[in-house]
Amino acid sequence: MNEKDIRFKNIIMAFCPPIIYLFITMFVEVVADIIIFVRQAKSTSNSNSFISSYKFMDNITNNLDKYSYLITFISAAIAIFVFGYYYFRHKNTYEAYKLSKVFTSLKVNDYFNLVIIGAIGSVGLSRFVSMLPLDNIIGNYENTSNALLSGNIILQIVSLGIVVPIAEELIYRGLLFNGLTKVIDAKYAIFVASLVFGVFHYNLLQGTYTFLLSLILICVYMRYKCILAPIIIHACANIVAVISSYFGISSFLNRNIWIYLLIMVVELVIGVISFEVIMKEDLK
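Quick note on this note's numbering: the sequence shown kicks off at 2 and runs consecutively.
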């Protein structure tokens, strides 16, 4: 196999994980569709009118939205198993990129700064992006957010705050980014991996936020050479988003633009300071 063929193979292998994750999610949604379809069919079996059919399909859509976080949880859990198995089967390939150093010796202050970036800095970034006129241009963030942030808060935290971050960091930072560094310079790999991460969130507003967040996550990942570091940031960011939505914190802040701006600036400043500390820290 010549160098050109090897390069092409590496590109394909790099992009396989997010594409496979997409198909896993689609498969889980189809299974959920079938289950909901059967349940709804049983409940409307005595009516054949057009209106009943319309309500029937509407109920399926509403139920899919209602269990969106559960579908996301199942998809991410399957992805962790699939890509965890894939990684350990190809451990030598990713050893050079330090993906195997999942639990490196992070110090207490490292955990502190990572949590601050995720729980505070990323929230400020999200508030900033939310102010941009991007929603409804491509997709609708509000509909996506309402679908995901519904249901039992404990299940949301487990799904969006733990399982999804592990799956996405393994796929986008661990496998995609590392795979791209085999064929292109690291700075271009950072951009491409972040762009793919943003695109796979299906709406421009959330895609812009996740693109910017991914730049931070990859920088932190490269700094520590440890996949646990971006997982902590990602998990904290999602958990805060779930809690803020559940207790109506975001809605409360949206009522006063000046309070919103003040808190956003404070969050961004704190996040930047923690990020600077991490990037300048002597890891020896």
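Every residue, glycine too, gets a C-beta built ideally from N, C-alpha and C.
The beta carbon of S245 sits closer than 6 Å to the beta carbons of S251 from its chain, once the five residues preceding and following it are set aside; these are given in chain order.
In the three-state DSSP reduction, P18 falls in the helix class (H, G or I).
Bounds of the alpha helix (DSSP H) holding M265 are I258 to K281. Between N255 and Y247, the C-beta spacing is not below 8 Å.
One alpha carbon belongs to L206, the other to R128, and they sit about 11 Å apart. Counting other Cβ atoms within 10 Å of its Cβ, V165 reaches 16 or more and is therefore classed as buried.
In terms of Cα proximity to L156, the closest of Y68, G175, M223 and V278 is Y68. With a cut-off of 8 Å on Cβ pairs, the segment 192 to 202 is not in contact with the segment 118 to 135, counting fewer than three such pairs. Comparing alpha carbon positions, the residue from V193, I154 and C227 closest to L213 is V193.
For M132, there is no enclosing alpha helix (DSSP H), as DSSP gives it neither H nor E. Residue environment for D111: buried (at least 16 other C-beta atoms within 10 angstroms of its C-beta). Assigned with DSSP and collapsed to three states, L107 falls in coil, not helix or strand. Put simply, the segment 11 to 29 touches the segment 176 to 185. At least three CB pairs are less than 8 Å apart.
Separation of the CB atoms of V243 and I117 is rounded to 18 Å, and the pair is thereby denied contact status at 8 Å.
Sequence-distant Cβ neighbours of I79 in its own chain, meaning closer than 6 Å and more than five residues away, are I25. Under the three-state reduction of DSSP output, G180 falls in the helix class. Closest by C-alpha distance to C227, out of L133, A238, N11 and I167, is I167. When the five nearest sequence neighbours on each side are left out, the beta carbons in the same chain lying within less than 8 Å of the beta carbon of V273 are those of G122, in order along the chain. Taking P19 as reference, the option from S76, F38 and Y70 with the minimal CA-CA separation is S76.
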